[in-house]
Amino acid sequence: MGKFSNSIQPEHKEFIEAQHIFFVATAPLSGDGRVNLSPKGLDCFRVLDNKRVAYMDLISSGNETSAHTLENGRITFMFCSFTAKPNILRLYGKGFTVLPDSDDWDLYAKDFTIYPSTRQIIVAEIDLVQTSCGFGVPMFDYAGERDMHFEWAEKQGAEGLIKYMKDKNLKSLDSLPTNLGLQFP
Numbered sequence: 010m011g012k013f014s015n016s017i018q019p020e021h022k023e024f025i026e027a028q029h030i031f032f033v034a035t036a037p038l039s040g041d042g043r044v045n046l047s048p049k050g051l052d053c054f055r056v057l058d059n060k061r062v063a064y065m066d067l068i069s070s071g072n073e074t075s076a077h078t079l080e081n082g083r084i085t086f087m088f089c090s091f092t093a094k095p096n097i098l099r100l101y102g103k104g105f106t107v108l109p110d111s112d113d114w115d116l117y118a119k120d121f122t123i124y125p126s127t128r129q130i131i132v133a134e135i136d137l138v139q140t141s142c143g144f145g146v147p148m149f150d151y152a153g154e155r156d157m158h159f160e161w162a163e164k165q166g167a168e169g170l171i172k173y174m175k176d177k178n179l180k181s182l183d184s185l186p187t188n189l190g191l192q193f194p
């Protein structure tokens, strides 16, 4: 049976910090727009306080979260246990993007290991926390993190990473602008 809270409780934070993967979901306002659901890892999620969370977002092939939160702010995070003790935790809120050259960058970047391929930080104000049983989630063993992203980023170099973002990260699949798209018109 699901349980609800209007803030992140200490037991929620403890559960979040024990997970190796989380999922972030956003959607445009358009009924025909594509819903985005992305898995994230690499120790990039932080609970900032009982109403705020953030994750460090690395350069990748899409930038849907930035576009959707710029348009409407809606964001959901999901954490689920793949160990013997089942649990699912969802955080609902309003998100926004913080870019490296913004006034708020230093405020949020201090909580992360910033890499040359760090694209932005996604911050969310949480207004609802839901936990549920997770009885149907299978068990998996954690084998470790992948180094492939960092190897790829090193091969790109600083100029290559900027070119990649300009080529792939300025608008969503549905042509909504991202925060980077506003920066690099």
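So the working numbering is basically just the index in the sequence shown, starting at one, shifted up by 9.
Quick reminder that beta carbons are idealized off the backbone N, C-alpha and C, glycines included.
- Nearest neighbour of S126 by Cα position, chosen from W161, S184, V56, turns out to be W161.
- Boundaries of the alpha helix (DSSP H) harbouring Q165: 157-177, taken from the DSSP string.
- Looking at the DSSP output, M65 bridges to I130.
- Straight through space, the alpha carbons of G71 and F144 are spaced by roughly 32 Å.
- When secondary structure is reduced to three states using DSSP, K119 falls in the coil class, being assigned neither helix nor strand.
- Between I30 and L51, the alpha-carbon positions lie close to 8 Å from each other.
- With contacts defined as CB atoms closer than 9 Å, F86 and F32 qualify as a contacting pair.
- When C-alpha distances from K49 are compared across L57, F149, M65, the shortest belongs to M65.
- Assignment of T187 by DSSP, reduced to helix, strand and coil, places it in the coil class.
- In the structure shown, K94 falls within a coil segment according to DSSP collapsed to helix, strand and coil.
- Non-local C-beta neighbours of S181 in its own chain, meaning closer than 6 Å and more than five positions away in sequence, comprise E73, A76, ordered along the chain.
- By the neighbour-count criterion, in which 16 or more other beta carbons inside 10 Å mark a residue as buried, M157 falls on the exposed side.
- Listed in chain order, the non-local C-beta contacts of M174 below 7 Å within the same chain comprise I68, R128, L189, local neighbours out to five positions each way being set aside.
- The beta carbon of G102 sits closer than 7 Å to the beta carbons of I84, A133, E134, I135, D136 from its chain, once the five residues preceding and following it are set aside; these are given in chain order.
- Partner residues in the beta bridge of M87, as assigned by DSSP, are F32, R99.
- Take P37, set aside five residues on each side of it, and the residues of its chain with a beta-carbon closer than 8 Å to its own are R43, A76, H77, E80, N81, S181, D183, L185, in chain order.
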